[in-house]
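Participant:
2 protein chains.
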Amino acid sequence: MFVNTMPRYEILSADAIGVLDRGWRRIVSEIGIQFAKPEAVELFAKAGQRVDGDVVFLDPEFVLEQVAKAPREFDVQARNPAHNVHIGGDHMVFSAVYGCPFIREGDVRRDATLRDFHQLCMLSQGYDELDSAGGVICEPNDAPLDSRHLDMIYALQTLTDKIYMGNVVSGPNAADTIAMTSILFGGRSFIEQTPATISLINCNSPLRWDDRMLDAQFEYCAAAQPVVLTPFLLMGAMSPVTIPAALTQQLAEALSGIALAQLIRPGCPVIFGSFLSNIDMQSGSPSFGTPESALGLLCTGQLARHYGLPFRTGGGLNSSQTPDAQSAYEALMTLLPTFLAGTNFVMHAAGWLEGGLVSCYEKFIIDIELLRELRVEFTPLEISEESLAFGAHSEVGHGGHFLGAAHTMERFRSCFYRPMLSSTANFERWLKLGGKDTAARASDIWRAKVAAYEPPPLDDAIRAELADFVTRRRRELGD
Amino acid sequence: MFVNTMPRYEILSADAIGVLDRGWRRIVSEIGIQFAKPEAVELFAKAGQRVDGDVVFLDPEFVLEQVAKAPREFDVQARNPAHNVHIGGDHMVFSAVYGCPFIREGDVRRDATLRDFHQLCMLSQGYDELDSAGGVICEPNDAPLDSRHLDMIYALQTLTDKIYMGNVVSGPNAADTIAMTSILFGGRSFIEQTPATISLINCNSPLRWDDRMLDAQFEYCAAAQPVVLTPFLLMGAMSPVTIPAALTQQLAEALSGIALAQLIRPGCPVIFGSFLSNIDMQSGSPSFGTPESALGLLCTGQLARHYGLPFRTGGGLNSSQTPDAQSAYEALMTLLPTFLAGTNFVMHAAGWLEGGLVSCYEKFIIDIELLRELRVEFTPLEISEESLAFGAHSEVGHGGHFLGAAHTMERFRSCFYRPMLSSTANFERWLKLGGKDTAARASDIWRAKVAAYEPPPLDDAIRAELADFVTRRRRELGD
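Residue numbers (the numbering used here), protein chains in the order written: chain A, 1 to 479; chain B, 480 to 958.
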């Protein structure tokens, strides 16, 4: 977990925030939000909100009253307490890519498998820059469809000792996640006290929350497990083509989902979610790492703080087909603003390729390098009389060099960021080392990391209980 | 020329600036600055500064009095008035890579030639994102050494109609630049009134200004042509290994050079220069695009503003050997802070590869794409009632899409950044298009751009006079 005590980069004036604030109020009260689950509509109706079919017309003041019940900051526990995280404030929590059906490994692009899922768990466990492997790091296409959520949760629980994300495909899948988490943490009461999962609830934007996602939300909120209420906005398709319009829609959707969370269980921890980019208006394809998405990201952080909520946005997003220059500059075009905004929860922080269709091993390593660098870049300088090293100048004088100065010798091991992936080798040496480009070097690194993986210790009885649960539920699900 | 009206990202407290301010004062007064040119030492002595051999011990208040004579902002004229630039304030001026002995073109790395120089001029002329081709875009190794500055200036003057940088290898080379610029602009008095060149004067850091660079500075300052006084700091080699120490050294060096400029010609336009990165302490090689260099860059901007000076820093710097992922993320790790700092003059903004040893055509195109994106990213949002597109929401409703909405149809051509290089093609279509990675696509783009080049119009008499000058001076120089 990284604590970002650098200044936030804020680009919205108070007037602009006022305009956006009026915008979402108008949407929720005049157009309303659709909730495709009768229990949700009922909760709103009981709380005095006007309802027409499955559309709820919300009083903005009521929404803000509910939002105010959500904690500004909260903890999430990992089974290794050293990996507990804090969500909110200056804290930044990072998880790997989520939801990819395909894998890229070197020059090969293919369906993802359970073995990939396991390997990506190992990599996520192995790098301190990630606080979580996330949830669906890739889609294990070779595992039976109806029960693969069990395989994924079991892998996240046993191959990593970090926090993990819950399955959201259905209410029963969410219940299974909660049951398995209860086993791992010694009972449901322990995870209701301090949550142990975070789950992604996407809006079917514009202005509609779907039944299966809501089923999952009901389970998680009832168990006091945090949900990331995330408008899914590709401007031009799921929202209008202007950033301010997308931002007001994002507020309307996220705040309505957060209000529902508080109706299900007042005080339930939530995260204001944002997944905001645009489509390429020529091809209709999603674009990532765009200037528009960076601007949206910076505004999102400022708005979340305005409403007193921890927030999720950013990641190593890109549209590129291979881990090439585009994949890197688009990823950083999002990741650097992710830090500038002080994002509290970052999904897709490692491994994302090809618009999120592909989980790429080499890109995973590239992103870890970026996270390592950004952690240094967003650590405030210590500026004191002593840091000026006046003595070194006295020692070296005019036109000399500092390579052998006492000040240098005392600090040379730790004074600068030491790259894991980047090469500073001169051309001849680089050729001698094989003339490998960044992707080729990344390939060597992830393979060595997986080979060196050691599983974190886990009590045998708990492991057995989890395995039994998986076996029993798989049978019940008919797989 | 780009006008950056977004907020500056400032990370130094007033206290920190105070510490750094005391730091440079101590260096210039107690250790002093070495000026390897008697005329420079004499100017300082005459102005009452204490001198010991070629070391000048400067009174900080005297330095600041001189610095205050430099204009905060100034214009530089191009032969095409549409390409005039303004240096200072919110203005950002970009020029291409500078000083590379080698060229990379696809998979080939080789000595740079005059043909490369010409082609890089054509590319710089062709992209609006560059205000200047710069100066030594690459070293034309096949042109005679003593007179190649004439070939370069002639190419910059005739193949582009933008501002260009002067040669600084020697005083006579600077005089030739000024003479040729006087021909192009109709006489020396015209360029003394509004300068037409910018020249890079590097410090031989630490704390020494060398004779040949000073010879050039004397020529340019006497002609009222702006100089970029640039400490050349690779921390660990030319400066201590702490960023605050490098920043105070940078202030001591740059401000002393600026003071000299004002003694040569009071009111002479100057740019506070910064070239600040670090060496890799394991290999001893220079590192670029590092977190340390980004932090130094952000501080540099804030400090230059503190002393009321336009400043130069940033660019597409990287250490990578090929235009791969590393080249892209290191470039953006510098370019994005370049915009965050509101840098007034940016060298190396396109084409830099391999620590500046290589001018790379494909990287040139990658950098142009980054500059295009960053110009959009650093354009403030217009947030008004109308921008919220409430009507589009009314039209689309819940769970629909905005692809055919009236609001979208009216704006789809211009609403989002349109990539020149980045691909959003889905995997099948990308394969069908040849499965080209970013570098391969960049190669297609620069070749097409060079092929489509059209020279800007130039009066025949002036062209002939310039050519005559080159012929005559080459003869005089014995080449």
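All C-beta atoms in this analysis are idealised placements derived from N, C-alpha and C, irrespective of residue type, glycine included.
Give the interface partners of A294(A) over in chain B, defined as CB-CB distance under 7 Å, in chain order.
Facilitator: Start at 1 with the first residue of the first sequence, and residue 294(A) comes out as number 294. In chain order: E856.
Participant: With H, G and I counted as helix, E and B as strand and the rest as coil, what does DSSP make of P419(A)?
Facilitator: Counting from one through the first sequence, the residue named residue 419(A) turns up at place 419. Of the three classes helix, strand and coil, the one that applies to P419(A) here is coil, per DSSP.
Participant: Output, in chain order, the set of chain B residues within a Cβ distance shorter than 8 Å of S423(A).
Facilitator: For this step, residue 423(A) is matched to residue 423 along the first sequence. Contact note: S423(A) reaches chain B through S798, S799, Q800, Q805, using a C-beta cutoff of 8 Å and chain order.
Participant: Within the 8 Å Cβ cut-off, does G23(A) reach chain B?
Facilitator: On the first sequence, residue 23(A) is found 23 positions in, with the first residue counted as 1. So, interface residue.
Participant: By how many angstroms is the C-alpha of A807(B) removed from the C-alpha of G795(B)?
Facilitator: Translated into the one-based positions of the second sequence, residue 795(B) becomes position 316. Translated into the one-based positions of the second sequence, residue 807(B) becomes position 328. G795(B) and A807(B): Cα-Cα distance of roughly 8 Å.
Participant: If I follow the unbroken beta strand (DSSP E) through G273(A), where does it start and stop?
Facilitator: Position 273 of the first sequence holds residue 273(A). Looking at the DSSP string, the run of the beta strand (DSSP E) that includes G273(A) is 270 to 273.
Participant: Looking at D640(B): is its Cβ nearer than 8 Å to the Cβ of P859(B)?
Facilitator: Residue mapping note: residue 640(B) aligns to position 161 of the second sequence, counting from 1. Residue mapping note: residue 859(B) aligns to position 380 of the second sequence, counting from 1. Contact: no.
Participant: Leaving aside the five residues before and after M692(B) along the sequence, list all residues of the same chain whose C-beta is less than 7 Å from its C-beta, in chain order.
Facilitator: Taking the second sequence and counting its residues from 1, one reaches residue 692(B) at position 213. Cβ neighbours of M692(B) beyond the five flanking positions: V647, I680, N681.
Participant: Please look up how many angstroms separate the CB atoms of V136(A) and M122(A), rounded, as I've assumed it's under 8 Å.
Facilitator: Residue mapping note: residue 136(A) aligns to position 136 of the first sequence, counting from 1. Residue mapping note: residue 122(A) aligns to position 122 of the first sequence, counting from 1. With a Cβ gap of about 16 Å, V136(A) and M122(A) do not count as contacting.
Participant: Quick one: what does DSSP say T660(B) is sitting in, helix, strand or coil?
Facilitator: As a working note, residue 660(B) is residue 181 in the second sequence. T660(B): helix per DSSP, three-state reduction.
Participant: Report yes if the C-beta distance between R72(A) and V358(A) is below 8 Å; otherwise report no.
Facilitator: Taking the first sequence and counting its residues from 1, one reaches residue 72(A) at position 72. Taking the first sequence and counting its residues from 1, one reaches residue 358(A) at position 358. Cβ distance not < 8 Å, so R72(A) and V358(A) don't count as in contact.
Participant: Got a sec? Which residues, its chain only, sit under 7 Å from T536(B) by beta carbon, not counting five neighbours each side?
Facilitator: Numbered from 1 along the second sequence, position 57 holds the residue referred to as residue 536(B). Just to set this straight, residue 536(B) is Phe in the shown sequence, not Thr. S508, G511, Q528, R529, listed in sequence order.
Participant: With DSSP as the reference, please indicate the residues paired to C839(B) in a beta bridge.
Facilitator: Your numbering for residue 839(B) matches position 360 in the second sequence. Beta-bridge pairing links C839(B) to R583(B).
Participant: Return the CA-CA distance between N652(B) and V564(B), expressed in angstroms with no decimal places.
Facilitator: The residue given as residue 652(B) occupies position 173 in the second sequence. The residue given as residue 564(B) occupies position 85 in the second sequence. Approximately 24 Å between the Cα atoms of the pair.
Participant: May I have the straight-line CA-CA distance separating D595(B) from M644(B), to the nearest angstrom?
Facilitator: Within the second sequence, residue 595(B) is the residue found at index 116, counting from 1. Within the second sequence, residue 644(B) is the residue found at index 165, counting from 1. Taking the straight line joining both Cα atoms gives about 17 Å.
Participant: With distances taken from CA atoms, which of G763(B), L912(B), G835(B), G914(B) is nearest F412(A)?
Facilitator: Here residue 412(A) corresponds to residue number 412 of the first sequence, with the count starting at 1. F412(A) has its Cα closest to that of G763(B), out of G763(B), L912(B), G835(B), G914(B).
Participant: Against chain B, which members of the region 385 to 408 of chain A pass a CB distance test of less than 8 Å?
Facilitator: E385, S387, L388, A389, F390, A392, H393, S394, V396, G397, H398, G399, G400, H401, F402, L403, A405, H407, T408
Participant: Per DSSP, what kind of secondary structure is H306(A) in: helix, strand or coil?
Facilitator: Translated into positions along the first sequence, residue 306(A) becomes position 306. Helix, per DSSP.
Participant: Where A918(B) and V542(B) are concerned, what is the direct C-alpha to C-alpha distance, given to the nearest angstrom?
Facilitator: Here residue 918(B) refers to the residue found at position 439 of the second sequence. Here residue 542(B) refers to the residue found at position 63 of the second sequence. Rounded to the nearest angstrom, the two C-alpha atoms are 47 Å apart.
Participant: For V55(A), return the contacting residues in chain B, with the cut-off set at a CB-CB distance below 7 Å.
Facilitator: Stepping through the first sequence from its first residue, residue 55(A) is reached at position 55. Simply H877.
Participant: Any Cβ of chain A within less than 8 Å of the Cβ of G959(B)?
Facilitator: Absent from the model: residue 959(B). The displayed extent of chain B is 480 to 958, so no value can be given.
Participant: Buried or exposed: which applies to T408(A), given that a residue is buried once 16 or more other Cβ atoms fall within 10 Å of its Cβ?
Facilitator: Within the first sequence, the letter at position 408 stands for residue 408(A). By the 10 Å Cβ count, T408(A) comes out buried.
Participant: Restricting to runs no shorter than 3 residues, where is the beta strand (DSSP E) found entirely within the region 598 to 685 of chain B?
Facilitator: 676 to 681
Participant: For chain D, is any of its Cβ atoms less than 8 Å away from the one on L370(A)?
Facilitator: Note that chain D does not occur in the displayed structure, where the protein chains are A and B.
Participant: Between D759(B) and chain A, is there a C-beta pair that is closer than 8 Å?
Facilitator: For the purposes of this step, residue 759(B) is identified with residue 280 of the second sequence, where counting begins at 1. For D759(B), the answer is yes, since a Cβ of chain A falls inside 8 Å of its Cβ.
Participant: Please work out which residues of its chain come closer than 7 Å, Cβ to Cβ, to M717(B), disregarding the five sequence neighbours upstream and downstream, and give them in chain order.
Facilitator: Translated into positions along the second sequence, residue 717(B) becomes position 238. S684, P685, F711.
Participant: Report the residue ranges of all beta strand (DSSP E) runs contained in full by the region 36 to 84 of chain A; include only those spanning at least 3 residues, in chain order.
Facilitator: 50 to 52, 55 to 57, 74 to 76
Participant: Should G236(A) be flagged as near chain B, meaning a C-beta pair shorter than 8 Å?
Facilitator: For the purposes of this step, residue 236(A) is taken as the residue at position 236 of the first sequence. Closer than 8 Å to some Cβ of chain B, the Cβ of G236(A) qualifies, so yes.
Participant: Leaving out five residues before and five after T516(A) in sequence, what residues of the same chain have Cβ atoms less than 6 Å from its Cβ?
Facilitator: The structure shown does not extend to residue 516(A), since chain A spans only 1 to 479, so no value can be given for it.
Participant: From this set, F664(B), A524(B), C579(B), E544(B), which residue's C-alpha is nearest R942(B)'s C-alpha?
Facilitator: The residue given as residue 942(B) occupies position 463 in the second sequence. Minimum Cα distance to R942(B) is reached at F664(B).
Participant: Using 10 angstroms around the beta-carbon of L814(B), count the other beta-carbons present and answer buried if the total reaches 16, otherwise exposed.
Facilitator: Sequence index remark: in the second sequence, residue 814(B) carries index 335 (1-based). Answer is buried; the Cβ neighbour count reaches 16.
Participant: Would you say V41(A) and D54(A) are within 8 Å of each other, going by their C-beta atoms?
Facilitator: Position 41 of the first sequence, counting from 1, holds the residue named residue 41(A). Position 54 of the first sequence, counting from 1, holds the residue named residue 54(A). Yes, the pair counts as a contact, with Cβ atoms nearer than the cut-off.
Participant: 8 Å is my cut-off, CB to CB: does L937(B) come that close to chain A?
Facilitator: Sequence index remark: in the second sequence, residue 937(B) carries index 458 (1-based). Closer than 8 Å: no.
Participant: Closest to W831(B) by C-alpha separation, out of P816(B), L819(B), L811(B), would be which residue?
Facilitator: Residue mapping note: residue 831(B) aligns to position 352 of the second sequence, counting from 1. The option with the nearest alpha carbon to W831(B) is L811(B).
Participant: Answer yes or no: does any C-beta atom of chain A fall closer than 8 Å to that of Y840(B)?
Facilitator: Residue mapping note: residue 840(B) aligns to position 361 of the second sequence, counting from 1. Answer no: the Cβ-Cβ gap between Y840(B) and chain A never drops below 8 Å.
Participant: Using a C-beta cutoff of 8 Å, does S508(B) count as contacting chain A?
Facilitator: Locating residue 508(B) in the second sequence gives position 29, where the first residue counts as 1. With 8 Å as the cut-off, S508(B) does not count as an interface residue toward chain A.
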